[in-house]
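Enquirer: I'd like to ask some things about the structure below.
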Amino acid sequence: MSTGEEYLIKGARVLGGEPADLLLRDGVIAAAGPDATAGPGAHVIDADGLIALPGLVDLHTHLREPGREDAETVASGTAAAALGGFTAVHAMANTSPVADTAGVVEQVWRLGRQAGHCDVQPVGAVTTGLGGTMLAELGAMADSAARVRVFSDDGKCVSDAVLMRRALEYVKAFDGVIAQHAQEPRLTEGAQMNEGDVSGRLGLVGWPAVAEEAIIARDCLLAAHVGSRLHVCHVSTAGSVEILRWAKSKGWNVTAEVTPHHLLLTDELVESSPVGSYNPIYKVNPPLRTREDVEALRAALADGTIDCVATDHAPHPVEDKETEWDAAAMGMIGLETALSVVQEAMVETGLLDWAGVADRMSVRPAAIGRLSGHGRPIQPGEVANITLYDPAPRRGVEPSGFASRSRNTPYTGLTLPGRVVATFLRGRPTVLEGKLQ
Amino acid sequence: MRRHLISAADLSKDDALLILDTAEELAAVSERSVKKLPTLRGRTVVNLFFEDSTRTRISFEAAAKRLSADVINFSAKGSSVSKGESLKDTALTLEAMGADAVVIRHSASGAPHRLASWVRGSVLNAGDGTHEHPTQALLDAFTMRRRLGKLDGRRVTIVGDVLHSRVARSNVLLLGTLGAEVTLVAPPTLLPVAVETWPCEVSYDLDAVLPKSDAVMMLRVQRERMNAAYFPSAREYSRRYGLDPDRLAKMPDDALVMHPGPMNRGMEIAADVADSARSTIVEQVTNGVTIRMAVLYLLLGGAALEEGER
Numbered sequence: 001m002s003t004g005e006e007y008l009i010k011g012a013r014v015l016g017g018e019p020a021d022l023l024l025r026d027g028v029i030a031a032a033g034p035d036a037t038a039g040p041g042a043h044v045i046d047a048d049g050l051i052a053l054p055g056l057v058d059l060h061t062h063l064r065e066p067g068r069e070d071a072e073t074v075a076s077g078t079a080a081a082a083l084g085g086f087t088a089v090h091a092m093a094n095t096s097p098v099a100d101t102a103g104v105v106e107q108v109w110r111l112g113r114q115a116g117h118c119d120v121q122p123v124g125a126v127t128t129g130l131g132g133t134m135l136a137e138l139g140a141m142a143d144s145a146a147r148v149r150v151f152s153d154d155g156k157c158v159s160d161a162v163l164m165r166r167a168l169e170y171v172k173a174f175d176g177v178i179a180q181h182a183q184e185p186r187l188t189e190g191a192q193m194n195e196g197d198v199s200g201r202l203g204l205v206g207w208p209a210v211a212e213e214a215i216i217a218r219d220c221l222l223a224a225h226v227g228s229r230l231h232v233c234h235v236s237t238a239g240s241v242e243i244l245r246w247a248k249s250k251g252w253n254v255t256a257e258v259t260p261h262h263l264l265l266t267d268e269l270v271e272s273s274p275v276g277s278y279n280p281i282y283k284v285n286p287p288l289r290t291r292e293d294v295e296a297l298r299a300a301l302a303d304g305t306i307d308c309v310a311t312d313h314a315p316h317p318v319e320d321k322e323t324e325w326d327a328a329a330m331g332m333i334g335l336e337t338a339l340s341v342v343q344e345a346m347v348e349t350g351l352l353d354w355a356g357v358a359d360r361m362s363v364r365p366a367a368i369g370r371l372s373g374h375g376r377p378i379q380p381g382e383v384a385n386i387t388l389y390d391p392a393p394r395r396g397v398e399p400s401g402f403a404s405r406s407r408n409t410p411y412t413g414l415t416l417p418g419r420v421v422a423t424f425l426r427g428r429p430t431v432l433e434g435k436l437q
Numbered sequence: 438m439r440r441h442l443i444s445a446a447d448l449s450k451d452d453a454l455l456i457l458d459t460a461e462e463l464a465a466v467s468e469r470s471v472k473k474l475p476t477l478r479g480r481t482v483v484n485l486f487f488e489d490s491t492r493t494r495i496s497f498e499a500a501a502k503r504l505s506a507d508v509i510n511f512s513a514k515g516s517s518v519s520k521g522e523s524l525k526d527t528a529l530t531l532e533a534m535g536a537d538a539v540v541i542r543h544s545a546s547g548a549p550h551r552l553a554s555w556v557r558g559s560v561l562n563a564g565d566g567t568h569e570h571p572t573q574a575l576l577d578a579f580t581m582r583r584r585l586g587k588l589d590g591r592r593v594t595i596v597g598d599v600l601h602s603r604v605a606r607s608n609v610l611l612l613g614t615l616g617a618e619v620t621l622v623a624p625p626t627l628l629p630v631a632v633e634t635w636p637c638e639v640s641y642d643l644d645a646v647l648p649k650s651d652a653v654m655m656l657r658v659q660r661e662r663m664n665a666a667y668f669p670s671a672r673e674y675s676r677r678y679g680l681d682p683d684r685l686a687k688m689p690d691d692a693l694v695m696h697p698g699p700m701n702r703g704m705e706i707a708a709d710v711a712d713s714a715r716s717t718i719v720e721q722v723t724n725g726v727t728i729r730m731a732v733l734y735l736l737l738g739g740a741a742l743e744e745g746e747r
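Chains S and X are the protein sequences, given in the same order. Read in our numbering, the first sequence has 322 at position 322, and its numbers run on one by one without any break. Heads up, our numbering is the position in the second sequence plus 437, with the first residue counted as 1.
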């Protein structure tokens, strides 16, 4: 897709390296380094001090459309994504109606194209209506215009072992992957928060780590047994990390993601936080865990046991959060803060460099989702999906400026580093100077 | 004193002793023929009950009325709440009506914390989910202090469904603050994970603990818990953890038998134990009104009773 316009990015540090110029033309990186010279009429962007990353890719986004347009739409959610430096998002299937047919996934895909802020790659449901009993028409979704490759009942676990086995087997025919929301349902009936000392004190029903770990272990064994591809959504416990490390050591085709919030926040916030006790702004599924879990997740993301960061951006209207804890919806928004949180949790701590961030937030998620044109090296000839990021400023998170329709961020008032300055989608800026284009 | 009483952990030792001492003075009022003080005249106390709990509600109501407060009873059933009004909107309504204190009972743990963030008046937790019930702990402490003289160093055993018990949580915190030694006794299924981090001892063996107890507090155990496999049957629960006459005989002669009510006679406590001279169960109800008077008085009134009010 040609934009007809040229952008010369001057002095960007590609993956945090030495400053260099990049010329974007006709949707691709036309030149890099000394060869990058602007023609007449080119837009010149001073990228002094900015880091150039491949456009970020989110494997796990809830755009809520169709069905809950009061919380988010494809347009508002993808605007938030662009402002967060993303050039592609995977839209989860738990909409209303559920994205379990070619018709719904094509609708979401088309809405994404119309909005134009970033690529929207729909995720298909594994089972009809997320009911956990009948396989959805996975092949029809794979063959549709939306070209679905990632299938997930996210929000619900495919807990039936036989159904999970069949799903893993079936998607091999079109190189699909099952992205599992690992939550043993019987162990988590009525669960409200991480089961541990805090839940015991607060009298909230616990969500034990074992409920996640037992499913991950089972699914790794199933994936190995049938020789298929498994992706584990939002890994949240140290025990899960151990199981994944073991599965990977066997050479099994298992990948995993971690959310920014699980890399930064702990369950202690439910008991005591700047916004009070029992504030459902911290209610999320899987729940915030302990400091030991956070440390294990960071280490696992650093050493590659966890492949990528995925936001699990989960918008909810105010009235679904301004309630007593038990009644509140689970989930947090995260697209517009993801890169800053990853910088805080992983870069400032020395666990990842910027090349590592590019790998975990663009290269690997694009590979898992089988997205072409995303997560590519920043070099001549590649599609010009690029994010320019200024890691220097530190500022308080202020949700009133978010493009998302929802405000359920757990980071309000927190000071986080960095700012997305520009996002290019196929050579066209979706964000410039931090503003949506 | 703080503005709210939401958790027993909100109370310092001085706060707790002030409440108990104030209750001691107010107890005299309850024994008079005219059981009324003018202290809270013109103040409005709202009883906001999202769960049926007649005994706790009337206890708070009697306490507020004896202090001459205006009392509004707001029951969730048949109200706007049953039509889907949120807790926040209910809170804003009460705020607009000028409630000086809201006494809240709610099935969700933490509901009083949320309410306190939306109203200016004092919030009194009258039981939130499986979290806390601080005035129950205060009335239990008051009852024990009256019978045992002091709480410092006393050994209190709390038996039963600790996992789901707001009474147990508040008692562990408050008795710890007051210097008592608490032992929780329950089948392992009815103890929260990480209970070992609580400021108390834990045992699975009631018979071993009874001889070392100055007071034994039996918690209500719902028979339906056996449906979720917390224990195999009501009979087995009763055999292993119920307080029957044989077990009563193992307790020291002056040790107390307590129960927050309502009781399951024959389940966690045998009828003749509940009705024995060692039982403080009826006394606890009486003391409930007194302690709630003290709490309302201190939250809404002043630091100490005026000379003329004694």
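Virtual Cβ for every residue (Gly too), placed ideally from N, Cα, C.
For the beta strand (DSSP E) containing D21 of chain S, name the first residue and the last one.
Expert: The residue given as residue 21 of chain S occupies position 21 in the first sequence. Element bounds for D21 of chain S: P19 to R25.
Enquirer: Is the CB-CB distance between D326 of chain S and A545 of chain X below 8 angstroms?
Expert: As a working note, residue 326 of chain S is residue 326 in the first sequence. As a working note, residue 545 of chain X is residue 108 in the second sequence. Against a cut-off of 8 angstroms, the Cβ pair of A545 of chain X and D326 of chain S comes out as a contact.
Enquirer: In or out: N408 of chain S buried (at least 16 other Cβ within 10 Å) or exposed?
Expert: Counting from one through the first sequence, the residue named residue 408 of chain S turns up at place 408. Buried, because 16 or more other Cβ atoms sit within 10 Å of the Cβ of N408 of chain S.
Enquirer: Using the beta-carbon of each residue, which ones in chain S are nearer than 9 angstroms to L524 of chain X?
Expert: Taking the second sequence and counting its residues from 1, one reaches residue 524 of chain X at position 87. What L524 of chain X touches in chain S: E322, T323, E324 and A327.
Enquirer: Can you tell which of S:F402, S:V420, S:L63 and S:E257 has its C-alpha closest to the C-alpha of I178 of chain S?
Expert: The count along the first sequence starts at 1 and reaches residue 178 of chain S at position 178. Nearest of S:F402, S:V420, S:L63 and S:E257 to I178 of chain S, Cα basis: S:E257.
Enquirer: Nearest to G758 of chain X by CA position, among X:F486, X:R492 and X:L504, is which residue?
Expert: The structure shown does not extend to residue 758 of chain X, since chain X spans only 438 to 747, so no value can be given for it.
Enquirer: Name the two residues that bound the continuous beta strand (DSSP E) containing G396 of chain S.
Expert: Counting from 1 along the first sequence, the entry for residue 396 of chain S is found at position 396. G396 of chain S -> beta strand (DSSP E) spans I386 to G396.
Enquirer: Could you tell me which chain S residues have their CB closer than 7 angstroms to the CB of G547 of chain X, listed as they occur along the chain?
Expert: By one-based count along the second sequence, residue 547 of chain X stands at place 110. Per Cβ cutoff of 7 angstroms: L202, S277, Y278, E324 and W325.
Enquirer: Find the nearest neighbour of H225 of chain S within the set S:V421, S:L53 and S:V162, judged by alpha-carbon distance.
Expert: Along the first sequence, one-based indexing puts residue 225 of chain S at 225. Cα-wise, what sits closest to H225 of chain S is S:V162.
Enquirer: Compute the minimum distance between the beta carbon of R149 of chain S and the heavy atoms of the ligand ATP, and state whether it is under 7 angstroms.
Expert: For the structure depicted, the ligand ATP is absent and the ligand set is empty, with no information on it obtainable.
Enquirer: How do the region 321-335 of chain S and the region 542-562 of chain X stand: do at least 3 beta-carbon pairs fall below 8 angstroms, yes or no?
Expert: Output reads yes: the region 542-562 of chain X touches the region 321-335 of chain S.
Enquirer: Quick one, are the C-beta atoms of F579 of chain X and V540 of chain X less than 8 angstroms apart?
Expert: Reading the second sequence from its first residue, position 142 is the one you call residue 579 of chain X. Reading the second sequence from its first residue, position 103 is the one you call residue 540 of chain X. Not in contact: F579 of chain X and V540 of chain X (Cβ atoms no closer than 8 angstroms).
Enquirer: Give me the residue from S:H261, S:D219, S:L388 and S:E213 with the minimum Cα distance to K435 of chain S.
Expert: Looking up residue 435 of chain S in the first sequence gives position 435. For K435 of chain S, the nearest C-alpha among the options comes from S:L388.
Enquirer: Going by DSSP in three states, V270 of chain S sits in which element: helix, strand or coil?
Expert: On the first sequence, residue 270 of chain S is found 270 positions in, with the first residue counted as 1. Correct three-state label for V270 of chain S: helix.
Enquirer: Using the three-state DSSP reduction, which class does P429 of chain S fall into: helix, strand or coil?
Expert: Mapped onto the first sequence, residue 429 of chain S falls at position 429. In this structure, P429 of chain S counts as strand in the three-state DSSP scheme.
Enquirer: Quick check on S2 of chain S: buried or exposed, where buried means 16 or more other Cβ atoms within 10 Å of its Cβ?
Expert: For the purposes of this step, residue 2 of chain S is taken as residue 2 along the first sequence, with counting starting at 1. Here the model assigns S2 of chain S a pLDDT of 46, short of 50, so the residue's position is not dependable, and the following value carries that caveat. Exposed.
Enquirer: If you follow the alpha helix (DSSP H) that A42 of chain S is part of, which residue opens it and which one closes it?
Expert: Counted from its first residue, the first sequence places residue 42 of chain S at position 42. No alpha helix (DSSP H) holds A42 of chain S; DSSP gives it neither H nor E.
Enquirer: Can the beta-carbon of E464 of chain S be found closer than 8 angstroms to that of S406 of chain S?
Expert: Residue coverage of chain S in this structure runs from 1 to 437, which leaves residue 464 of chain S outside it and unanswerable.
Enquirer: Could you tell me whether the Cβ of P625 of chain X comes closer than 8 angstroms to any Cβ of chain S?
Expert: Against the second sequence, residue 625 of chain X aligns to sequence position 188. Chain S contact via Cβ: absent.
Enquirer: Using a Cβ cut-off of 7 angstroms, pull out every chain S residue sitting near H550 of chain X, in sequence order please.
Expert: For this step, residue 550 of chain X is matched to residue 113 along the second sequence. Chain S residues near H550 of chain X: G276, S277 and Y278.
Enquirer: Where does H43 of chain S land, buried or exposed, given buried means 16+ other C-beta within 10 angstroms?
Expert: Within the first sequence, residue 43 of chain S is the residue found at index 43, counting from 1. Looking at its Cβ environment, which holds fewer than 16 other Cβ atoms inside 10 Å, H43 of chain S is exposed.
Enquirer: Identify whether C308 of chain S lies in helix, strand or coil by the three-state DSSP scheme.
Expert: The residue you call residue 308 of chain S lines up with position 308 of the first sequence. Residue state, collapsed to three classes: strand.
Enquirer: Answer yes or no: does any C-beta atom of chain X fall closer than 8 angstroms to that of D293 of chain S?
Expert: On the first sequence, position 293 is the one that residue 293 of chain S refers to. No, its Cβ sits nowhere closer than 8 angstroms to a Cβ of chain X.
Enquirer: Select from the region 624-650 of chain X all residues with a C-beta closer than 8 angstroms to any C-beta belonging to chain C, and list them in chain order.
Expert: Looking at the structure shown, chain C is missing, and the protein chains on hand are S and X.
Enquirer: Of all the CB atoms in chain S, is at least one closer than 8 angstroms to the CB of S559 of chain X?
Expert: Position 122 of the second sequence, counted from the first residue, corresponds to residue 559 of chain X. No, because no Cβ of chain S sits closer than 8 angstroms to the Cβ of S559 of chain X.
Enquirer: Bridge partners for S716 of chain X per DSSP, in chain order?
Expert: Working through the second sequence from its first residue, we reach residue 716 of chain X at position 279. In DSSP, S716 of chain X forms a bridge with X:V694.
Enquirer: Are the CB atoms of I509 of chain X and V483 of chain X within a distance shorter than 8 angstroms?
Expert: What you label residue 483 of chain X is simply residue 46 of the second sequence in a count that begins at 1. What you label residue 509 of chain X is simply residue 72 of the second sequence in a count that begins at 1. Cβ distance < 8 angstroms, so V483 of chain X and I509 of chain X count as in contact.
Enquirer: In terms of residues, what are the limits of the beta strand (DSSP E) holding H90 of chain S?
Expert: To locate residue 90 of chain S, count along the first sequence from 1; it is residue 90. Where H90 of chain S is concerned, the enclosing beta strand (DSSP E) stretches over F86 to A91.
Enquirer: For F497 of chain X, report the span of its alpha helix (DSSP H) as first-last.
Expert: Walking along the second sequence from the start, residue 497 of chain X turns up at place 60. T491 to R503 is the span of the alpha helix (DSSP H), which, as asked, contains F497 of chain X.
Enquirer: Can you list, in chain order, the residues of its chain whose CB lies under 6 angstroms from that of A173 of chain S, leaving out five sequence neighbours each side?
Expert: Counting from one through the first sequence, the residue named residue 173 of chain S turns up at place 173. Cβ within range, chain order: n/a, list empty.
Enquirer: In chain X, what lies closer than 7 angstroms to E195 of chain S by C-beta?
Expert: In the first sequence, counting from the first residue as 1, residue 195 of chain S sits at position 195. Ordered by position in chain X, the residues that pass the 7 angstroms Cβ test against E195 of chain S are V630.
Enquirer: List, from N- to C-terminal side, the beta strand (DSSP E) runs of 3 residues or more that fit wholly inside the region 93-162 of chain S.
Expert: Those beta strand (DSSP E) runs which fall completely within the region 93-162 of chain S and span 3+ residues are 119-122.
Enquirer: In chain S, what lies closer than 7 angstroms to H568 of chain X by C-beta?
Expert: Mapped onto the second sequence, residue 568 of chain X falls at position 131. Simply L202 and G203.
Enquirer: For T95 of chain S and V270 of chain S, I'd like the C-alpha separation in whole angstroms.
Expert: In the first sequence, residue 95 of chain S corresponds to position 95, counting from 1. In the first sequence, residue 270 of chain S corresponds to position 270, counting from 1. Taking the straight line joining both Cα atoms gives about 28 angstroms.
Enquirer: Just to confirm, is the Cβ distance from G547 of chain X to D526 of chain X under 8 angstroms?
Expert: On the second sequence, position 110 is the one that residue 547 of chain X refers to. On the second sequence, position 89 is the one that residue 526 of chain X refers to. Result no, Cβ atoms of G547 of chain X and D526 of chain X do not sit closer than 8 angstroms.
Enquirer: Taking DSSP's pairing of strands, which residues face S419 of chain S in a bridge?
Expert: For the purposes of this step, residue 419 of chain S is taken as residue 419 along the first sequence, with counting starting at 1. According to the sequence shown, residue 419 of chain S is Arg rather than Ser. Answer is S:D390, bridged to R419 of chain S.
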